[in-house]
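J.: Quick mapping for you: the protein sequence lines, in order, are chains F and A. Quick note on this note's numbering: the first sequence kicks off at 1063 and runs consecutively. Quick note on this note's numbering: the second sequence kicks off at 2 and runs consecutively. I'd like to ask some things about the structure below.
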Amino acid sequence: MLKRRRFQIALAMIVAITLLIGSNVNAAINNRTKTLIRQKIAPAYIGEDTETSTRLLENLLQRLDADEVLEVDEILAEEGVPGMGEMMLDARFQQVVARGLNPQKIKPREVALSMPVLKSRFEELMAEVQEMECFAEELPQYATIREYEDAFWEIHVASNKLQNAVRMTKYGDKLVNTALDKNLKDLSDDEIEQLEIDFGSLRQQLEDLNWELAEIKAELRINAVTLATEIVRESADFKERLRAAYVINFDGQQAVDFLRETEKEQLSRPLLKDPNILDSVMVSVNHARESAGDVATKSRLLYLGMHWWLRGRYGEGPEGFGLLKSAAALNSPMARFPLYMPAKPPKPTAPGSGSQATPRFDRRHHYIWMYEYRQFNEQQRTNSTTTIDKPETFRVTSRTKLSRFY
Amino acid sequence: MALKYFDELLKRVTSEELKAIDEFVSEQDPYTIYTNLSRQSELRRGSLSEQPSSLEDTYSRRGLKWVMGLARLEYAAILGTFTTTPDPFVTVRPSPFELSAYKSLLLDAVRTHYWALMRDPQVKRATRTSPEDSGALSYSRRVGVTRKMLSALAKSSMSEMNPQQYRELAIWNRDLDGLQRGLLGIIRAYVNAMAVQQRTLTKTKEEREFAAACGMQLRAERYELKKGTAKVKTYGNTPAP
């Protein structure tokens, strides 16, 4: 009897312990997973090894519920890296765009996790743009050409961001539509709801905002020409007159072109909707050019020279590690133009300073002699892992022969 | 392209305006140029090493003349590396305005290339190994453009150099000449071997193109050596002032 009693107590304890362990596995991530995050995933992300971090996250996601995903994000934040959705969104975008990964391979759960991140980025961007000074109820009237130049640069950067965001909405559409075609039984109702984000509507909002910026820029240009005209007539400072003459030449013409090419119905700003505005601006610009006299020509030569110099100094072509333009440039004047340029005005670094070199090529003549003959190969690595016994191997993906250098 | 606009600008501005333009360019960070890059390659300092203008000199240079000088040098270097344009570093005609900057950048370029070549352990190997495996063709181009830079420097700066600088330049010239002869020798042997083999063996398109490129380099550099472009006798034999 005592033996039977002891057996019953032992059995009850075993069942209780089993239930306790089972419930702990389901309720929170275990220590092994936490270690994986801290010692593998976060370091891989920091080391820019997104292949590894994405692969580990993809495997992990299959075992987590929504609460556990939040817990993982907290641990990732402690390690100073973004959450799962953001990490996977950026890594997959790179893989799809740069390496041709088929979006079909991205699982619906992952898409559901990353789409809210994408949506909130668009919303943050739109909020940031609408906070810009030029969106104030009254358009700013600047006292110097330099302030107008800074405003134009800020608008240019914002417009580029909006255009990139519009392209990203199409990426979002593609992922969501691909996910919705699959079996969604493993997704919760909340996750399915994330797949129903209306990227079409977001795209329209981004495009509308970009258009507003274009109108604001046109109106600022008209105001800048007015200021510039005063300067070329009255200022004794030759540098200021050069700047002003450039604004008249370039920004004045841009404003005229914008008004000429845009239907009145598309415009919302009252000044630009004025039926006489185009004629008025053209007359202003022509008078301003006359006032500038030969400073206009000198300004044009200087700014054009500086523009082309910047391209030669900082521009990188698509081939030859940035030293060469595409092979099509040999035969097509159009193909000679595209270059990758820095997003912000660059500040050169002192050689040997330890920071990333700007420009990338301190002197092009230090490197161009390396091209064996007027032909170069683009190569692709053929093995994904390398060991001492299996070093990197490459195959030539394209070969370009140059009959003349430029 | 930049030089086309700058050269035209120089024809139209007064000296006062040029001064204002120079200031205008100096005020903008992207147009800053660092010089004395060769100090990273120099094995030892010599009479041709760049001297700092002050204790605080960071070798950062600003202004239109530096901007033009660098553009002129890079343009000439492309001509000198890949074409048979004679005296490219003189042909590009630096303006009087930028000449001092151009010469400074040219000397820095000669120092960099010279010392990089002298310190490169692969260069000697390239004079003994088939060009297909050793980069002899690339090295020959590098030596070729360096000799052209040195030649232009000698012609333009002779009156400013002291005897020690002459001697050092002459030594560099001799070293580069010797190196080029070695490289051309191995390239010539390769081209001759290819010509013989071509009668009996089928060559791939790549092999034929490479041989053709070697042939072009031989012809171009033999012409330079024959003309004595790089072997500037004047400074080698100039007596001390």
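Where is the CB? At the ideal position from N, CA and C, for every residue including glycine.
Which same chain residues, not among the five before or five after A1241/F, have their C-beta less than 6 Å away from its C-beta?
T.: Cβ neighbours of A1241/F beyond the five flanking positions: P1170, V1173 and L1257.
J.: Which residues does DSSP list as the beta-bridge partners of R220/A?
T.: BP columns for R220/A are empty, so no partner.
J.: For I1310/F, does the three-state DSSP call read helix, strand or coil?
T.: Three-state result, I1310/F: helix.
J.: Just verifying my parser: in three-state terms, what is the DSSP assignment at Y60/A?
T.: It is coil, neither helix nor strand.
J.: Starting from Q1267/F, trace the alpha helix (DSSP H) in both directions and tell me its first and last residue.
T.: Unbroken alpha helix (DSSP H) run through Q1267/F: F1261 to E1296.
J.: What number of angstroms, rounded off, separates the C-alpha of M1150/F from the C-alpha of M1396/F?
T.: One C-alpha to the other measures close to 37 Å.
J.: With 9 Å as the C-beta to C-beta threshold (strictly closer), list the residues of the stretch 1362–1381 of chain F near chain A in chain order.
T.: Listed by position along the chain: R1362, L1363, L1364, Y1365, L1366, G1367, M1368, H1369, W1370, W1371, L1372, R1373, G1374, R1375 and Y1376.
J.: Exposed or buried, what is S152/A when buried is set at 16 or more other beta-carbons lying within 10 Å of its beta-carbon?
T.: Buried, since its Cβ has 16 or more Cβ neighbours within 10 Å.
J.: Relative to chain F, which residues along the stretch 52–66 of chain A have a C-beta separation below 8 Å, given in chain order?
T.: For the stretch 52–66 of chain A, which is checked against every Cβ of chain F, the residues closer than 8 Å are T59, Y60 and S61.
J.: Within its chain, find whatever has a CB closer than 6 Å to the CB of L1304/F; leave out the 5 residues flanking it on each side and keep chain order.
T.: Cβ neighbours of L1304/F beyond the five flanking positions: S1361.
J.: Any idea which residues DSSP pairs E1378/F with across the strands?
T.: Paired residue(s): Y1402/F.
J.: The alpha helix (DSSP H) with P89/A in it runs from where to where?
T.: Unbroken alpha helix (DSSP H) run through P89/A: P89 to T92.
J.: First and last residue of the alpha helix (DSSP H) that includes M1230/F?
T.: Per DSSP, M1230/F belongs to the alpha helix (DSSP H) from I1207 to L1242.
J.: If you draw a straight line from the alpha carbon of K5/A to that of E99/A, how long is it in whole angstroms?
T.: If I take the Cα positions, the gap works out to 14 Å.
J.: On the CB-based measure, 16 or more other CB atoms within 10 Å of its CB, does N1311/F come out buried or exposed?
T.: Flag for N1311/F reads buried.
J.: Applying the criterion that 16 or more other CB atoms from any shown protein chain within 10 Å of the CB defines a buried residue, is T147/A buried or exposed?
T.: Under this definition T147/A is a buried residue.
J.: Use the C-beta contact count for T59/A: other C-beta atoms within 10 angstroms, 16 or more gives buried, fewer gives exposed.
T.: Label assigned to T59/A: exposed.
J.: Please report the Cβ distance between S42/A and R120/A, rounded to the nearest whole angstrom; I am assuming they are in contact, meaning their Cβ atoms lie under 8 Å.
T.: Rounded, the Cβ-Cβ distance is 7 Å, consistent with contact.
J.: Does DSSP put Y76/A in a helix, in a strand, or in coil?
T.: Y76/A falls in the helix class under three-state DSSP.
J.: Chain F beta carbons: is any one of them nearer than 8 Å to that of Q198/A?
T.: No, Q198/A does not count as interfacial toward chain F.
J.: Restricting to Cα atoms, I'd like to know which of P1413/F, L1385/F, S1394/F and S1415/F is closest to L1401/F.
T.: Of the listed residues, the one whose Cα sits closest to L1401/F is L1385/F.
J.: Helix, strand or coil, according to DSSP, for Y1429/F in the structure here?
T.: In the structure shown, Y1429/F sits in coil (DSSP, three-state: anything other than H, G, I, E or B).
J.: Terminal residues of the continuous alpha helix (DSSP H) containing V1173/F?
T.: P1170 to Q1192 is the extent of the alpha helix (DSSP H) around V1173/F.
J.: Quick one: using the 10 Å Cβ neighbour count with 16 as the cut-off for buried, is H1218/F buried or exposed?
T.: So H1218/F counts as exposed.
J.: Please report how far the alpha carbon of R1154/F lies from the alpha carbon of N1222/F, in whole angstroms.
T.: Taking the straight line from one Cα to the other gives about 22 Å.
J.: Please report the straight-line C-alpha distance between D1212/F and A102/A, rounded to a whole angstrom.
T.: For D1212/F and A102/A, the distance between alpha carbons rounds to 31 Å.
J.: DSSP three-state label for I172/A, please.
T.: Residue state, collapsed to three classes: helix.
J.: If the cut is a Cβ gap below 9 Å, which residues of chain A does D1424/F touch?
T.: Those are Y35 and L38, listed as they occur along chain A.
J.: With DSSP run on the structure shown, which of helix, strand or coil describes I1091/F?
T.: The answer is coil: DSSP assigns I1091/F none of H, G, I, E or B.
J.: Since W1431/F meets chain A, which of its residues come closer than 7 Å, beta carbon to beta carbon?
T.: The answer, in chain order, is T82, S139, R142, R143 and V146.
J.: Could you work out which residue in Q1157/F, N1285/F and L1224/F is closest to T1206/F when comparing CA atoms only?
T.: Measuring from the Cα of T1206/F, the nearest candidate turns out to be N1285/F.
J.: Below 8 Å, how does it come out for the stretch 120–136 of chain A and the stretch 63–83 of chain A: are there three or more Cβ pairs, yes or no?
T.: Result no; under three Cβ-Cβ pairs closer than 8 Å.
J.: My output table needs one value for Y35/A: the three-state DSSP class, helix, strand or coil.
T.: Here Y35/A sits in strand by DSSP.
J.: Please state whether the Cβ-Cβ distance between D109/A and N163/A is less than 8 Å.
T.: No, the Cβ-Cβ distance between D109/A and N163/A is not below 8 Å.
J.: For P31/A, which residues in chain F fall below 8 Å Cβ to Cβ?
T.: Those within 8 Å of P31/A in chain F are L1372, R1375, Y1376, P1407, P1408, K1409 and P1410.
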